[in-house]
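Novice:
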Amino acid sequence: MNKLGKLNAMKAINVSDALKFTAICASLISAIYLGSMIKLNGEIMVFWPVGGLSVYWVWRLGIQKMLVPLVAAGIGSAWIESLDTMMTVQRILSTVVTGWVGGQLMTYFSVSRGLQTLRDIGVFLLAATLLPAGISSATGGAATALLTGSIHSGSAVWWACWLAETLGILLVLPMLVHRPVPPTWLSALLALIIILISTVVYLDLLPMSISMTLPLSFLTTPFFLLAAFKMHRGDIAWLLLIHALIAMYATSHTMGPFTLPSVNESLLGVMGHLILLSTSIWLIKASLDDHKMAHNQLKMIANHQSEILIYTDINGRVIFASDNSQRWIEDIKQEGFNLANWIASLTGHQPLATTDRGFTTKVGDHWLQWRMTDDETKTGWVWTAHDISAEIAAKAEAAQHLDQVARLGRLSDLAQLAGGIAHELNQPLTAITSFSQALKRFSAQSPAPTDKIDATIDRILQSAERASNIVRDTRGFLGEASPAFEPVDVSALIPKTLALFDLKHRYDQTAISLDIARALVVHASRSKLQQILVNLIKNALEAMDNQPGSRLSITGYRRQHDVIIEISDNGPGIDDQLRKSLFTPFSSTQKQGIGLGLNISMSLAESMSGQLELSNPRSPTTFTVCLNGVSQ
Amino acid sequence: MSFPIHIVDDEHDIREAVSLLLESMQYQVYAHASGNDFLNHCQPTDLGLVLLDIRMPEVSGLRVQDIMIQQGYIQPIIFMSGHADIPVAVETVKKGALDFLEKPFKDLDLFACIERGFEKISSQARELGDRAALEHNLAKLTAREQEVMMAIAEGLPNKLIARKFDISPRTIEIHRARVFQKMEVENAQQLIRALMRFDKFTPSSQSHL
Chain A
1 MNKLGKLNAM KAINVSDALK FTAICASLIS AIYLGSMIKL NGEIMVFWPV
51 GGLSVYWVWR LGIQKMLVPL VAAGIGSAWI ESLDTMMTVQ RILSTVVTGW
101 VGGQLMTYFS VSRGLQTLRD IGVFLLAATL LPAGISSATG GAATALLTGS
151 IHSGSAVWWA CWLAETLGIL LVLPMLVHRP VPPTWLSALL ALIIILISTV
201 VYLDLLPMSI SMTLPLSFLT TPFFLLAAFK MHRGDIAWLL LIHALIAMYA
251 TSHTMGPFTL PSVNESLLGV MGHLILLSTS IWLIKASLDD HKMAHNQLKM
301 IANHQSEILI YTDINGRVIF ASDNSQRWIE DIKQEGFNLA NWIASLTGHQ
351 PLATTDRGFT TKVGDHWLQW RMTDDETKTG WVWTAHDISA EIAAKAEAAQ
401 HLDQVARLGR LSDLAQLAGG IAHELNQPLT AITSFSQALK RFSAQSPAPT
451 DKIDATIDRI LQSAERASNI VRDTRGFLGE ASPAFEPVDV SALIPKTLAL
501 FDLKHRYDQT AISLDIARAL VVHASRSKLQ QILVNLIKNA LEAMDNQPGS
551 RLSITGYRRQ HDVIIEISDN GPGIDDQLRK SLFTPFSSTQ KQGIGLGLNI
601 SMSLAESMSG QLELSNPRSP TTFTVCLNGV SQ
Chain B
1 MSFPIHIVDD EHDIREAVSL LLESMQYQVY AHASGNDFLN HCQPTDLGLV
51 LLDIRMPEVS GLRVQDIMIQ QGYIQPIIFM SGHADIPVAV ETVKKGALDF
101 LEKPFKDLDL FACIERGFEK ISSQARELGD RAALEHNLAK LTAREQEVMM
151 AIAEGLPNKL IARKFDISPR TIEIHRARVF QKMEVENAQQ LIRALMRFDK
201 FTPSSQSHL
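Laid out in structure tokens, this is it:
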């Protein structure tokens, strides 16, 4: 910016300041003039609007900036009214004191510019209205009136000045703070009703019989209360002012419900009424706004969090729904949308009809995890939901990884078991070969021994079935077609698993003892369970190394809803060091294998909501598998 | 010529199948479910053939072979083995088993093995007969005649034999004639061969009697 530009800017500021200064002075002088005009019998002020103006300007601009305009306004108004020196000083003093005390206190208590919260209104009423009005009337107005000697009762004058000053601040300052907004039809109607009622009541337009007997001064109160709920502050401020002017004009002309034998007393009465009315309305408005603000804050929090937050009535009809819930439920903001029915249409279960307070729904490709709680007053439900698709996907991925690793583990196990399985399979094949050769010879004989031929064919079929059973069991162990969960009979699975080991030949010194409850059925994956059993049996057998006296014990029993399988060996046991790394991957002590067996087995047990643990590290070394039983 | 065949296998199906096959060929078959079963049933000198499974619980086929060697069983052994046990089976042959068959085996291979076994048994039987005859003949000799026989086997002339035992050569002549007669030989060469066949005599060493 060049020098000329800067100069222009400075000039512009100065011009604007000067204009502001002039405008403020003019407004102050007009306010004083207006206040002086509304004097009862030309002596006592009933409404002193300059108090409101001065407090407002000092609060907004600070006393440094406002001292000169306030003094100037005092001098100006005194000159217009041709007051003597004494009165001029008093005028200046009262104007400055009101603005100074009220404005500074507003600043001191850091009242927010919107004059909105209950605290703001409290400070405004006590510190910026009643207090400065009191001080000012004591120092200025009252002194003036006493000096002129027109009123002899000092206390009554002080009260009148204080009320006039208070009314001036109370009615004017809110008007300056809040700008009027275009009225809605309701606020326009309310304003009209209030003005109409005040006109009718205060100007005594009703028959004497009614106006004298009924407390008509309170007729506007319910409408003002409604206005506090439904109208904007700026409109309320104007309405209060208009109402007050009507009331004061009427009362000063001995009309309306406040009329008493003495005009002074009548005025004091109506001013008190007006102050109390204004105070009540502003306090109510502030309380409402506080409430609304808290509500809005809650709403904002609800809308800005990632969870879906919905409040419904006791029947599931939506009362409030956070904005993000619309992302998932398009119609949620429609009038009368019933969330409970919507969930029922997705899950097939009416959430309100069950005691289950947590459930999941699938919306599009996403899974929502819901939780519902009844509010403390039992008048509605709070529903929260969040997107758990990522968690579910991660879980599915982990399960898939486990499946892959487990399959590798099974292949590795199978490789170790292959010799035994091949031997097992070779037996029926050998039998079939020999039976077939015998059959060939029998059929060549003459006469053919038909009974022998038939018997031999039966034996061939039996052996073939045995062979195919072995193949089927082996494939079953690989688990290619095994469902994720099915009822698995442990009492049948354990002997089948033992058959995979070449127990008779490789472990001929090992005694096997089985104690398995009959029809012991678990909810599990057959191939996963068998893999766990293979691992534990293999470990036990290898630990004992077929030493004479070796004993492998397998116990299966039911414990409440669980099925417990214990596999123990009387091998050397597991020392503390090994025990620490027992379930960690790649910690094998065996020559064969990659050390994943127990780690995989534990993961497999957990994937079936079960457990695998080393229940006794010493002899007999015992591993315990705990799975969900299927009740009979 | 046929001999009893003993099948030793812990697998019921295989015992049945092989028995049936052999019976279809009119062999005389005995099935045993374990090594001990066989050893209890069969004496070391019984003539016969053993079809022995290598892998059996408690007493394995190898162990049965060892016991048979220890106790002087004469039955030839044909081992039955799975593919994985072939190296073991080869060892059994080195230790004197007749042969081994890999399961499942062809019937003709089995029969061929059995026939070879039978031939071996036949020659064993002949040998046993000859040995029995020799023992029988030896038993007929007097003590003096036995001494004279060993001297003859040593190749000593009558004169030296007479001096060794301090009797007349004439008497030695009589003993020699009696020995030849009782041992059913015609000359010293035949006598030496008969004795050497059953280890009754080793040249340039002491008598085993």
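Chains A and B, in that order, are what the protein sequence lines are. Going by this note's numbering, the first residue of the first sequence is number 1, and it counts up by one from there. Going by this note's numbering, the first residue of the second sequence is number 1, and it counts up by one from there. Ideal Cβ placement from N, Cα and C applies to all residues, glycine included.
1) Report the option in A/ASP569, A/ASN315, A/SER252 whose CA atom is closest to the CA atom of A/LYS378.
2) Should A/GLU566 be labelled buried (16 or more other beta-carbon atoms within 10 Å of its own) or exposed?
3) To the nearest angstrom, how far is it from the Cα of A/THR621 to the Cα of A/THR384?
4) For the candidate residues B/ILE7, B/ARG63, B/CYS42, whose alpha-carbon lies nearest to that of B/LEU21?
5) Look at B/ILE54 and B/VAL88 and say whether their C-beta atoms are less than 8 Å apart.
6) According to DSSP, is A/LEU408 part of a helix, a strand, or is it coil?
7) If you measure between the beta carbons of A/THR251 and A/LEU225, is that distance less than 8 Å?
8) Between which two residues does the beta strand (DSSP E) containing B/VAL185 stretch?
9) Report, in whole angstroms, the separation of the C-beta atoms of A/ALA605 and A/ILE554, which I expect to be a contact under 8 Å.
10) Do you know offhand how far A/THR98's Cα is from A/ARG60's?
11) Anyone know if the C-beta pair for A/ILE494 and A/LEU478 falls short of 8 Å?
12) Residues of chain B with CB closer than 7 Å to the CB of A/GLN427, please, in chain order.
13) So with CB distances below 7 Å, who are the chain B contacts of A/ASP508?
14) Note down, one range per segment and in chain order, each beta strand (DSSP E) of at least 3 residues found wholly within the segment 467-543 of chain A.
15) Going by Cα to Cα distance, which pick from A/MET300, A/TYR311, A/GLY364, A/ARG357 is closest to A/LEU328?
16) State yes or no: is the C-beta of A/PRO69 within less than 8 Å of the C-beta of A/LEU115?
17) Our contact map puts B/ILE69 next to B/VAL50 with C-beta atoms below 8 Å; I'd like the distance itself, whole angstroms only.
18) Taking only runs of the alpha helix (DSSP H) that begin and end inside the segment 107-131 of chain A, which ones reach a length of at least 4 residues, in chain order?
19) Show which residues of chain A have a CB atom less than 7 Å away from the CB atom of B/ALA194.
20) Quick one: give me the first and last residue of the beta strand (DSSP E) that A/LYS362 is part of.
21) Using only CA atoms, which one of A/ILE242, A/SER262, A/THR88, A/MET255 lies nearest to A/GLY76?
22) Please name the residue, chosen from A/ILE281, A/ALA244, A/SER581, A/LEU503, that lies closest to A/VAL201 on a Cα-to-Cα basis.
23) Kindly indicate if chain B contains any beta-carbon less than 8 Å away from that of A/PHE435.
24) Taking only runs of the alpha helix (DSSP H) that begin and end inside the segment 597-632 of chain A, which ones reach a length of at least 4 residues, in chain order?
25) Is the Cβ-Cβ distance between B/GLU16 and A/ARG459 less than 8 Å?
26) Residue range of the beta strand (DSSP E) that B/ALA31 falls in?
27) Between A/THR430, A/THR497, A/SER287, A/SER601, which lies nearest to B/PHE105 when the distance is taken from Cα to Cα?
28) Which partner residues of A/SER345 appear in the DSSP bridge assignment?
29) Given this structure, state the Cα-to-Cα distance separating A/ILE332 from A/TRP185, to the nearest angstrom.
30) Measuring alpha carbon to alpha carbon, tell me which residue in A/THR279, A/VAL123, A/GLY269, A/ILE432 is nearest A/ALA160.
31) Taking C-alpha atoms, which residue in A/ALA543, A/ILE308, A/THR199, A/SER468 lies nearest to A/TYR507?
32) For the segment 116-137 of chain B, which residues have a CB atom closer than 9 Å to at least one CB atom of chain A, in sequence order?
33) Considering Cα atoms alone, identify which of A/PHE435, A/ARG466, A/GLN530 is closest to A/ILE600.
34) In chain B, which residues lie less than 9 Å from A/ARG551 when you measure between Cβ atoms?
35) Determine, using beta carbons only, whether A/VAL488 and A/VAL534 come nearer to each other than 8 Å.
36) Looking only at its chain, what residues have a beta carbon closer than 8 Å to the beta carbon of B/PHE118, apart from the 5 residues adjacent to it on each side?
Specialist: Answer, in terms of the structure:
1) Closest by alpha carbon: A/ASN315.
2) Buried: at least 16 other Cβ atoms inside 10 Å.
3) Distance from the CA atom of A/THR621 to the CA atom of A/THR384, rounded to whole angstroms, is 49 Å.
4) Considering only alpha carbons, the answer is B/ILE7.
5) Taking C-beta atoms as the reference points, B/ILE54 and B/VAL88 count as a pair closer than 8 Å.
6) In the structure shown, A/LEU408 falls within a helical segment according to DSSP collapsed to helix, strand and coil.
7) Contact annotation: A/THR251 and A/LEU225 have beta-carbon atoms that are not nearer than 8 Å.
8) Looking at the DSSP string, B/VAL185 is not in any beta strand (DSSP E), and its letter there is neither H nor E.
9) At roughly 16 Å, the Cβ-Cβ gap does not stay under 8 Å, so A/ALA605 and A/ILE554 are not in contact.
10) Cα atoms of A/THR98 and A/ARG60: separation of roughly 14 Å, rounded to the nearest angstrom.
11) Taking 8 Å as the Cβ cut-off, A/ILE494 and A/LEU478 do not qualify as a contacting pair.
12) Going along chain B in sequence order, the residues near A/GLN427 (Cβ under 7 Å) are GLU11, ASP13, ILE14.
13) Those within 7 Å of A/ASP508 in chain B are PRO57, GLU58.
14) Fully enclosed beta strand (DSSP E) runs of 3 or longer: 486-489, 511-516, 521-524.
15) Per the sequence presented here, residue 328 of chain A reads as Trp, with Leu not at that position. Checked all of A/MET300, A/TYR311, A/GLY364, A/ARG357; the closest Cα to A/TRP328 is A/GLY364.
16) It is not a contact, given that the beta carbons lie outside the stated cut-off.
17) B/ILE69 to B/VAL50, Cβ: 12 Å. No contact.
18) The qualifying runs are 118-125.
19) Neighbours of B/ALA194 on chain A: none; closest Cβ ~45 Å, over 7 Å.
20) Per DSSP, the unbroken beta strand (DSSP E) holding A/LYS362 starts and ends at 358-363.
21) Of the listed residues, the one whose Cα sits closest to A/GLY76 is A/THR88.
22) Comparing Cα-Cα distances from A/VAL201 to each of A/ILE281, A/ALA244, A/SER581, A/LEU503, the minimum goes to A/ALA244.
23) It does: the Cβ of A/PHE435 has a partner Cβ on chain B nearer than 8 Å.
24) DSSP runs (the alpha helix (DSSP H)) wholly in the segment 597-632 of chain A: 597-607.
25) The criterion of a C-beta distance shorter than 8 Å is satisfied by B/GLU16 and A/ARG459.
26) Residue range 29-32 is occupied by the beta strand (DSSP E) that includes B/ALA31.
27) It is A/THR430.
28) Bridge partners of A/SER345: none, in fact.
29) If you take the alpha carbons of A/ILE332 and A/TRP185, they lie about 30 Å apart.
30) Nearest in C-alpha terms to A/ALA160, of all of A/THR279, A/VAL123, A/GLY269, A/ILE432, is A/GLY269.
31) Among A/ALA543, A/ILE308, A/THR199, A/SER468, the Cα nearest to that of A/TYR507 belongs to A/ALA543.
32) Taking 9 Å as the Cβ-Cβ cut-off against chain A, none of the residues of the segment 116-137 of chain B qualify.
33) In terms of CA proximity to A/ILE600, A/GLN530 leads the group A/PHE435, A/ARG466, A/GLN530.
34) Within 9 Å Cβ-Cβ: nothing; A/ARG551 doesn't reach chain B, min ~16 Å.
35) No, they are not a contact pair.
36) Only residues of its own chain outside the window of five on either side were considered, and among them MET1, SER2, PHE3, LEU49 have a CB closer than 8 Å to the CB of B/PHE118, listed in chain order.
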